[in-house]
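Chemist:
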Amino acid sequence: MSKSFKVAVWGTGMIGQYALRYILGRPELDLVGVLCWSDDKVGKDAAELADGDHPDSGIKVSNDVDAFMALDADVVIYAPKDALADPSIEGSPSSQSVPHIEALLRSGKNVLTPILSFTHWRHLKNGDALRARLEDAAKAGNASLLGAGLDPGYVTDAFAFFASTATGEIDSIDTWEILDYGSYGALDTVRMLGFGARPQDMPPEGLETLKIGWGGALHVLADAFHIELDDIRLDVDVALAKEAYTGQAGLEIAERSIEAMMFRVAGVYKGKDVFGINHVTRIGPQAGPDFRNIGHDGGYAVHIAGYPPINAEFPFGYDEGTGRGWSDAMAMTSARLVNAVESIVDAEPGWRLFFETPRHGGRFALKLR
Numbered sequence: 001m002s003k004s005f006k007v008a009v010w011g012t013g014m015i016g017q018y019a020l021r022y023i024l025g026r027p028e029l030d031l032v033g034v035l036c037w038s039d040d041k042v043g044k045d046a047a048e049l050a051d052g053d054h055p056d057s058g059i060k061v062s063n064d065v066d067a068f069m070a071l072d073a074d075v076v077i078y079a080p081k082d083a084l085a086d087p088s089i090e091g092s093p094s095s096q097s098v099p100h101i102e103a104l105l106r107s108g109k110n111v112l113t114p115i116l117s118f119t120h121w122r123h124l125k126n127g128d129a130l131r132a133r134l135e136d137a138a139k140a141g142n143a144s145l146l147g148a149g150l151d152p153g154y155v156t157d158a159f160a161f162f163a164s165t166a167t168g169e170i171d172s173i174d175t176w177e178i179l180d181y182g183s184y185g186a187l188d189t190v191r192m193l194g195f196g197a198r199p200q201d202m203p204p205e206g207l208e209t210l211k212i213g214w215g216g217a218l219h220v221l222a223d224a225f226h227i228e229l230d231d232i233r234l235d236v237d238v239a240l241a242k243e244a245y246t247g248q249a250g251l252e253i254a255e256r257s258i259e260a261m262m263f264r265v266a267g268v269y270k271g272k273d274v275f276g277i278n279h280v281t282r283i284g285p286q287a288g289p290d291f292r293n294i295g296h297d298g299g300y301a302v303h304i305a306g307y308p309p310i311n312a313e314f315p316f317g318y319d320e321g322t323g324r325g326w327s328d329a330m331a332m333t334s335a336r337l338v339n340a341v342e343s344i345v346d347a348e349p350g351w352r353l354f355f356e357t358p359r360h361g362g363r364f365a366l367k368l369r
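Each residue of the sequence shown is one higher than the last, beginning at 1 in this note's numbering.
Here it is, written out as structure tokens:
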């Protein structure tokens, strides 16, 4: 008989909504609570916020943090809005997540989070101190923390690592995310990354965000290969709009302002870029026509240079999915989190990396029950 798990969801954005869809559709998972920040969602049945059609769950959405903390839950999917800042720096916009995660762990709840900066700690300014703080809480509560998602996450760690088993000699590993951010509603975050600005006016914190957001994933892959990186290097290229337009979510793109960006965050070992995380991000499908694309709506790719080389792509936007690249990425991110529930419960207490948890796939996602 399969085990069952009590799961709570913190955050009802796109990731939370897809997570609710998966949880409500699986008999092995019992939804016990949902936390939101929007007043108009309070009191609704969780099924109303879940992607897809579901019967009422009996779980009412709440904005009461104390009540949420008191829930009897095996796992919390912690998916709040994040500012993409360094959570290890006291007072940074992302540091508010630290006491939340700490309290959840200390109360015995395992935590799965898609927040980019929690993939690892070595890339953060005070990463060792943050790790010690969360490790202490995890051991006190006999619980575990895993930063998981798609990119950073499955594509940049497990997929890349396990694909390498078919290569006998590896020179380097690169992953690619190619997405249209035009429908992404967090406009302040998109502007911080530099979209809509002149190249000379790109916010410096935006460039730093790229290292904070994706640098941890490079350390995860390095740890999986039993090496320690010497440095993280960032390269950025941009494409400028030929005329003014407005993105789907309302972002204003002026003529000669940034409409697309290609960046590479590289892990350096002994003077060589051994791992690279590459992104092409557009505001609209027409943006940055000279930059790489995958399929008709973007997607992900892994390239392993070696003997023999490996090239794998999976494009987005199929009708069988959400039909759009951005929402496909969110749906897959949520799937990675929900599929990790059993694995994080069975993991040893502490801040874990993907290879330190029992291997998991989509076993409970099979529609055979």
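Glycine included, each C-beta is placed from N, C-alpha and C at the ideal position. These numbers come from a predicted model, not from an experiment.
Between the alpha carbons of W214 and A222, how many angstroms are there, rounded?
Modeler: So the two alpha carbons sit approximately 13 Å from each other.
Chemist: In or out: F68 buried (at least 16 other Cβ within 10 Å) or exposed?
Modeler: Looking at its Cβ environment, which holds 16 or more other Cβ atoms inside 10 Å, F68 is buried.
Chemist: Rounded C-beta distance between L218 and G267? I'm assuming under 8 Å.
Modeler: 4 Å between Cβ atoms; contact.
Chemist: Where does G350 sit, in a helix, a strand or coil, going by DSSP?
Modeler: G350: strand per DSSP, three-state reduction.
Chemist: Around the Cβ of A244, are there at least 16 other Cβ atoms within 10 angstroms (buried) or fewer (exposed)?
Modeler: Exposed, by the Cβ-count rule.
Chemist: Run through DSSP, which three-state label would L146 get?
Modeler: DSSP places L146 in strand when its eight states are reduced to three.
Chemist: Output needed for D370: all residues of its chain with C-beta closer than 6 Å, excluding positions within five of it in sequence on either side, in chain order.
Modeler: The displayed coordinates of the chain run from 1 to 369. Any statement about residue 370 would go beyond what the structure contains.
Chemist: Look at the alpha carbon of G302 and the alpha carbon of A137, and state the distance between them as a whole number of angstroms.
Modeler: Going by the sequence as given, residue 302 is Val instead of Gly. Whole-angstrom Cα-Cα distance: 35 Å.
Chemist: Taking E28 as the reference, give the member of G11, P55, A160 and K6 with the closest Cα.
Modeler: Of G11, P55, A160 and K6, the residue nearest in Cα terms is K6.
Chemist: In chain order, which continuous runs of the alpha helix (DSSP H) of length 4 or greater are located wholly inside the segment 116-168?
Modeler: Whole alpha helix (DSSP H) segments, 4+ residues: 127-141 and 160-163.
Chemist: What is the residue span of the beta strand (DSSP E) that P315 lies within?
Modeler: Note, P315: beta strand (DSSP E), I310 to P315.
Chemist: Quick one: using the 10 Å Cβ neighbour count with 16 as the cut-off for buried, is D201 buried or exposed?
Modeler: Exposed: under 16 other Cβ atoms inside 10 Å.
Chemist: Please classify F5: does DSSP put it in a helix, a strand, or coil?
Modeler: DSSP places F5 in strand when its eight states are reduced to three.
Chemist: Indicate the three-state DSSP secondary structure (helix, strand or coil) for I294 in the structure shown.
Modeler: Correct three-state label for I294: coil.
Chemist: Starting from K272, follow its DSSP beta bridges and name the residues at the other end.
Modeler: Its beta-bridge partners are Y269.
Chemist: Give the single residue among G350, L105 and A287 whose Cα lies nearest to the Cα of D74.
Modeler: Closest by alpha carbon: L105.
Chemist: Are L112 and L366 close, meaning C-beta to C-beta below 7 Å?
Modeler: No, the pair does not count as a contact, with Cβ atoms beyond the cut-off.
Chemist: Check this for me: beta carbons of L116 and W351, under 7 Å apart or not?
Modeler: No, Cβ-Cβ distance for L116 and W351 is not below 7 Å.
Chemist: Would DSSP call V190 helix, strand or coil?
Modeler: Reduced to three states, the DSSP call for V190 is helix.
Chemist: Would you identify the three-state DSSP class for E252, choosing helix, strand or coil?
Modeler: Reduced to three states, the DSSP call for E252 is strand.
Chemist: Going by DSSP, what residues sit across from V111 in a beta bridge?
Modeler: The partner list for V111 (beta bridge, DSSP) reads V76 and L145.
Chemist: In the DSSP output, which residue or residues are listed as bridge partners for L31?
Modeler: For L31, which the question treats as bridged, DSSP gives the partners V7.
Chemist: Using only the alpha-carbon positions, how far apart do T156 and G271 sit?
Modeler: Using only the alpha carbons, I get a separation of about 21 Å.
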